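Per the numbering used here, the sequence shown starts with residue 7, numbered consecutively.
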Amino acid sequence: MNTTLAYVKFEILEAIRIPAVFLGLLFMPAGGMFVFVIPTLGSDPAAATMGTASMCLFAVLIICSAQYGMGIADARMKPWGGYVRTLPGGPVPRMISMVTLSLLMTVLGAIPLVLVAAVGTEATVGPAGLVLGLLALMLAVVPFALFMLAVGYAVNPYLVSMLISITPLVLVVLGGLLADPYATDGFIATIAPYTPVRGAAELVWAAVSDYRPQAASLISQGVWTVVLALVAYRAYRADEGRRFR
Numbered sequence: 007m008n009t010t011l012a013y014v015k016f017e018i019l020e021a022i023r024i025p026a027v028f029l030g031l032l033f034m035p036a037g038g039m040f041v042f043v044i045p046t047l048g049s050d051p052a053a054a055t056m057g058t059a060s061m062c063l064f065a066v067l068i069i070c071s072a073q074y075g076m077g078i079a080d081a082r083m084k085p086w087g088g089y090v091r092t093l094p095g096g097p098v099p100r101m102i103s104m105v106t107l108s109l110l111m112t113v114l115g116a117i118p119l120v121l122v123a124a125v126g127t128e129a130t131v132g133p134a135g136l137v138l139g140l141l142a143l144m145l146a147v148v149p150f151a152l153f154m155l156a157v158g159y160a161v162n163p164y165l166v167s168m169l170i171s172i173t174p175l176v177l178v179v180l181g182g183l184l185a186d187p188y189a190t191d192g193f194i195a196t197i198a199p200y201t202p203v204r205g206a207a208e209l210v211w212a213a214v215s216d217y218r219p220q221a222a223s224l225i226s227q228g229v230w231t232v233v234l235a236l237v238a239y240r241a242y243r244a245d246e247g248r249r250f251r
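See below:
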């Protein structure tokens with residue numbers, strides 16, 4: 007426990023030392039509200055509420071992409087990253103600390119989006135729905151973080167930047183976050199329940215509206231979480247072996 011707390015403190019201090027990057031990540035998704043939500047969904051309370059929830063999930067994806075994908079790739083190429091890997095504890099405390107930072111960033115990232123929705127749209131949600139939506143967002147951090155951890159450790163560091171720059175948008179499109187959540191026909195509606203993001207999206211939608219999650223999406227989300235955890239762990243160990251064997 008002490009080792010995990012030390013890693014959590016380390017991650018938070020690292021983020022504080024470079025605040026400009028994380029401030030940009032926190033407020034960049036708010037710009038998407040002005041492009042995708044306010045002009046097209048702002049006058050419809052239900053649609054604006056679910057659109058805001060989708061943008062919050064997009065923010066989580068961006069945060070995880072930068073923190074894990076780019077952050078890990080950068081650390082793998084620098085001596086400081088190599089030194090951190092020699093510290094005691096193994097991969098589990100490190101991964102827990104990174105997920106903890108993501109949870110904090112998720113809470114902070116949701117604030118500007120909720121404020122924009124409150125001022126610029128007709129979105130409505132009660133206090134209970136707001137709390138449940140935030141909890142669902144925090145739950146969504148886990149599979150997203152594991153996905154980006156696997157990418158950060160398994161892919162060549164010089165290729166991570168290109169891959170991470172398009173991955174969030176691809177996942178959002180294939181997961182149906184930019185489409186009608188109630189759509190049942192079409193290519194996106196068919197494959198969306200089996201993507202790593204749809205289950206998390208449906209939990210958030212259900213928290214802030216009367217949307218009912220699909221069983222296939224929730225089962226798929228659980229399977230993806232287990233698989234990505236194993237892949238991330240193996241990728242971490244494999245990278246450690248390549249560098250320190």
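By construction, the Cβ of each residue, glycine as well, lies at the ideal position given by its N, Cα and C atoms.
This structure is a prediction, so every number in the text was calculated from the model and none was measured.
Burial is judged here by how many other beta carbons sit within 10 angstroms of a residue's own beta carbon; G77 has at least 16 and is buried.
Note that the region 56 to 69 touches the region 198 to 212; at least 3 beta-carbon pairs, one per stretch, sit closer than 8 Å.
With fewer than 16 neighbouring CB atoms inside 10 Å of its own CB, G132 falls in the exposed class. DSSP, read as helix, strand or coil, puts S215 in coil. At the C-beta level, G126 and M39 come within 9 Å of one another.
Taking the Cα positions, I117 is about 35 Å away from G88. With distances taken between CA atoms, V122 lies nearest to V43 out of V43, I102, Q220, T231. Segment contact: the region 152 to 162 against the region 230 to 238, three or more CB-CB distances shorter than 8 Å; contact assigned. Secondary structure of E128 (DSSP, three-state): coil. Separation of the CB atoms of T106 and I69 is rounded to 13 Å, and the pair is thereby denied contact status at 8 Å.
It is roughly 22 Å from the alpha-carbon of P187 to the alpha-carbon of V148.
In terms of Cβ geometry, R204 and G181 form a close pair [threshold 9 Å].
By the Cβ neighbour-count rule, Y164 is exposed, with fewer than 16 other Cβ atoms within 10 Å of its own. Counted as a single uninterrupted DSSP element, the alpha helix (DSSP H) harbouring F153 occupies residues 133 to 160. In this structure, R243 sits away from P99, with a CB-CB distance that is not shorter than 9 Å. In the DSSP assignment, S60 falls within the unbroken alpha helix (DSSP H) covering 51 to 70.
In the structure shown, D80 falls within a helical segment according to DSSP collapsed to helix, strand and coil. The alpha-carbon separation between V137 and L114 amounts to approximately 14 Å. Short of 6 Å from the beta carbon of A241, and not among the five residues preceding or following it, lie these beta carbons of its own chain, in chain order: A156, Y159, A160. Selection D191, F64, P202, A198 evaluated against A36 yields F64 as nearest (Cα-Cα). Here DSSP, grouped into helix, strand and coil, assigns Q73 to helix. A buried status is given to S108, since no fewer than 16 other beta-carbon atoms sit within 10 Å of its beta-carbon.
Cβ-Cβ separation between S71 and T190: approximately 30 Å, too far for a contact (criterion under 8 Å). Remark: C-beta atoms of A129 and A54 approach each other more closely than 9 Å.
Pairing V179 with A79, the inter-Cα distance amounts to about 25 Å. Per DSSP, the continuous alpha helix (DSSP H) segment holding A21 begins and ends at 8 to 23.
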